[in-house]
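Engineer: Next up is a structure, given as structure tokens.
Numbering (my numbering), first residue to last: 16 to 512.
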């Protein structure tokens, strides 16, 4: 009976916690082993001296996916997370001093776009309408689908779908069909970085990201920031009987024939299981926890997403000039992206993002202070390149401060009480993320999506499953939530007897 089956989850990221909850809700005895001191993985939280920082994602987008997955677990996402819609999704700052509020208010958006490029509002509406149709079609045919065999993906019916969702067209080239002005081309394509991709290389499929933002809206979780997603899922999992063990890293997955028998922890203890779900970074699992060197070598040859240098500042002064979400796009946008993806580095004049959570949640900073997080996309770790992350972190930091001074924050460096920084090396060591590719290690192109993405069940070990950004459907919290549901559905189907 399914109720007697014992499942072990490796890793307490969002995917692992949600999968644990799904399985426990369906009668499994579930235990989660996590190497770090708390849950969350890349969606962890840092609290210091009254300042609260989200270490990963900073806003809720594609809310219908959250509502659907949370609803499957008996949770109301809107209520439990305290979702508050953002009128201005973010402000985009350009080098010439222009600021574009990326807003759901169409009249404001029209006035701004027409001032930049006459006639562009109507084209932007078409871009968003088409992008949202790509999103819905992709959910139906590509993203929210368990591909159990290659014929599901490679068949005559899928060919027109792949063309319809622009799987073979580079995103930036596609955007040129709608916009001429470089500001608008940047504003409607930079969102590829959300999943660690460049719009010059990734498919126009990802036009669905700004389209979904503007169509469904983006939201602030008012009940503790993005870590509330982790907390609410963990509470649900615990209510179904899931047991969590922290500071308990798994050192090896024990195999015999075409089955896994359990896990060996770093402390030497052995935990038996009827099935295992690995939420740890998938390439890491193949490389470090399994005996299959051939598969690991294959994964090493795949395309990886970029990494990031993150700076978290606790300040003793407030800077209301900055909204909750700010994006600074450099005139060297294309050069910066090529530096990241081709040279595995950071340009001298990088684009970057700022999160100021206390704009909607005053509890994120102490009275009179401010909490600011900066994300500067960076190359992933590649030993073929000389990568001095201390030097690159300082260069990125200096560029950020110089850019902030240009918009009037001249004294901001003097008011930094403390700084906590993360580089690709830190992501690698803290969370076992291959190459420090913090957005989700494996990249997205049509040959690393759908059936061609690493499968959520091991091809040999039939009771070993995977969940998270590097298996199907891919990177980003909405995809990881869907990954948890898809993997759980596959487990339940496999074990229905």
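Built from N, CA and C at the ideal position, the CB exists for glycine as well.
Answer with buried or exposed for residue 377, where buried requires no fewer than 16 other C-beta atoms within 10 angstroms of its C-beta.
Structural biologist: Flag for residue 377 reads exposed.
Engineer: Whose C-beta lies closer than 7 Å to the C-beta of residue 404 among residues of the same chain, with five residues either side of it excluded?
Structural biologist: Excluding sequence neighbours, residue 404 sits near 438, 439 and 440.
Engineer: Taking the continuous alpha helix (DSSP H) assigned at residue 189, which residues delimit it?
Structural biologist: Where residue 189 is concerned, the enclosing alpha helix (DSSP H) stretches over 186-190.
Engineer: What three-state label does DSSP hand residue 45 in the structure shown?
Structural biologist: Strand.
Engineer: Exposed or buried, what is residue 16 when buried is set at 16 or more other beta-carbons lying within 10 Å of its beta-carbon?
Structural biologist: Because residue 16 sits at a pLDDT of 40, beneath the cut-off of 50, its placement in the model cannot be relied upon, and the following sentence gives the value as read from the coordinates. Residue 16 is exposed by the Cβ-count criterion.
Engineer: Enumerate in chain order the residues of its own chain whose CB-to-CB distance from residue 324 is below 6 Å, with the five nearest sequence positions on each side excluded.
Structural biologist: Hits under 6 Å: 391, 393, 408, 411 and 438.
Engineer: Go ahead and pull the three-state DSSP assignment for residue 100.
Structural biologist: Strand at residue 100.
Engineer: If contacts are defined as beta-carbon pairs under 8 Å, then residue 443 and residue 396 qualify, I think. What distance do you get, rounded to the angstrom?
Structural biologist: About 6 Å separates the two Cβ atoms, so the contact holds.
Engineer: Find out if the Cβ-Cβ distance for the pair residue 226, residue 147 is shorter than 9 Å.
Structural biologist: Going by C-beta atoms, residue 226 is nearer than 9 Å to residue 147.
Engineer: State the DSSP-derived secondary structure class of residue 325, mapped to helix, strand or coil.
Structural biologist: Correct three-state label for residue 325: strand.
Engineer: Express the C-alpha separation of residue 190 and residue 229 in angstroms, rounding to a whole number.
Structural biologist: About 16 Å.
Engineer: Grab me the residues of residue 374's own chain with a C-beta within less than 7 Å of its C-beta, minus the 5 sequence neighbours each way, in chain order.
Structural biologist: Hits under 7 Å: 338 and 339.
Engineer: Is it right to say residue 111 is buried, meaning 16 or more other beta carbons lie within 10 angstroms of its own, or is it exposed?
Structural biologist: Result: exposed.
Engineer: Going by alpha carbons, who is nearest to residue 122 out of 109, 107 and 102?
Structural biologist: Out of 109, 107 and 102, 102 has the C-alpha closest to the C-alpha of residue 122.
Engineer: Going by DSSP, what residues sit across from residue 211 in a beta bridge?
Structural biologist: Partner(s): none; residue 211 has no beta bridge.
Engineer: How long is the line joining the alpha carbons of residue 371 and residue 385, rounded to whole angstroms?
Structural biologist: Each residue's alpha carbon lies about 8 Å from the other.
Engineer: Keeping to the same chain, check which residues put their C-beta closer than 7 Å to that of residue 77; ignore five residues upstream and five downstream.
Structural biologist: The residues are 227, 231 and 493.
Engineer: In or out: residue 18 buried (at least 16 other Cβ within 10 Å) or exposed?
Structural biologist: Bear in mind that the predicted position of residue 18 carries a pLDDT of just 48, short of 50, making it unreliable; the figure below should be weighed with that in mind. By the 10 Å Cβ count, residue 18 comes out exposed.
Engineer: Using the Cβ count rule (16 or more neighbours within 10 Å means buried), how would you classify residue 22?
Structural biologist: Counting Cβ neighbours within 10 Å, residue 22 comes out buried, since at least 16 surround it.
Engineer: Which runs of the beta strand (DSSP E), 3 residues or longer, sit entirely within the region 403-485?
Structural biologist: For the region 403-485, whole beta strand (DSSP E) runs of length 3 or above, ordered along the chain, are 431-437 and 479-481.
Engineer: Rounded to whole angstroms, what's the CA-CA distance from residue 131 to residue 196? Just pull it up for me.
Structural biologist: Their backbone Cα atoms lie some 7 Å apart in a straight line.
Engineer: Entirely within the region 335-388 and at least 3 residues each: give me those beta strand (DSSP E) ranges in chain order.
Structural biologist: For the region 335-388, whole beta strand (DSSP E) runs of length 3 or above, ordered along the chain, are 340-344 and 367-370.
Engineer: With DSSP as the reference, please indicate the residues paired to residue 118 in a beta bridge.
Structural biologist: Residue 118 is bridged to 103.
Engineer: With distances taken between CB atoms, is the gap from residue 203 to residue 295 smaller than 9 Å?
Structural biologist: No.
Engineer: Does residue 218 come out as helix, strand or coil in the three-state DSSP assignment?
Structural biologist: Residue 218: strand per DSSP, three-state reduction.
Engineer: Identify whether residue 18 lies in helix, strand or coil by the three-state DSSP scheme.
Structural biologist: Any reading at residue 18 is ruled out, since the residue's pLDDT is 48, under 50, leaving its predicted position unreliable.
Engineer: According to DSSP, which residues form a beta bridge with residue 233?
Structural biologist: Residue 233 is bridged to 76.
Engineer: Assuming residue 520 contacts residue 502 (C-beta within less than 8 Å), just tell me the rounded distance between them.
Structural biologist: The structure shown has nothing for residue 520, since the chain only spans 16 to 512.
Engineer: Name the residue from 182, 310, 361 and 349 whose alpha carbon lies nearest to the alpha carbon of residue 201.
Structural biologist: Answer by Cα proximity: 349.
Engineer: Please return the same chain residues whose Cβ sits closer than 7 Å to the Cβ of residue 273, not counting the five positions on each side in sequence.
Structural biologist: Cβ within range, chain order: 475, 476 and 477.
Engineer: Mind checking whether residue 205 and residue 342 have CB atoms under 9 Å apart?
Structural biologist: Taking 9 Å as the Cβ cut-off, residue 205 and residue 342 qualify as a contacting pair.
Engineer: Exposed or buried, what is residue 313 when buried is set at 16 or more other beta-carbons lying within 10 Å of its beta-carbon?
Structural biologist: It is exposed - the Cβ of residue 313 has fewer than 16 other Cβ atoms within 10 Å.
Engineer: Starting from residue 331, follow the alpha helix (DSSP H) in both directions and report where the run begins and ends.
Structural biologist: Run containing residue 331: none; DSSP gives neither H nor E here.
Engineer: Using 8 Å as the threshold, is the region 208-219 in touch with the region 154-168, meaning 3 or more CB pairs across them?
Structural biologist: As far as the Cβ criterion goes, the region 208-219 does not touch the region 154-168, which means the pair count is below three.
Engineer: Would you kindly work out how many angstroms separate the C-alpha atoms of residue 298 and residue 305, rounded to a whole number?
Structural biologist: Using only the alpha carbons, I get a separation of about 10 Å.
Engineer: Name the residue from 482, 469 and 489 whose alpha carbon lies nearest to the alpha carbon of residue 164.
Structural biologist: Comparing Cα positions, the closest option is 469.
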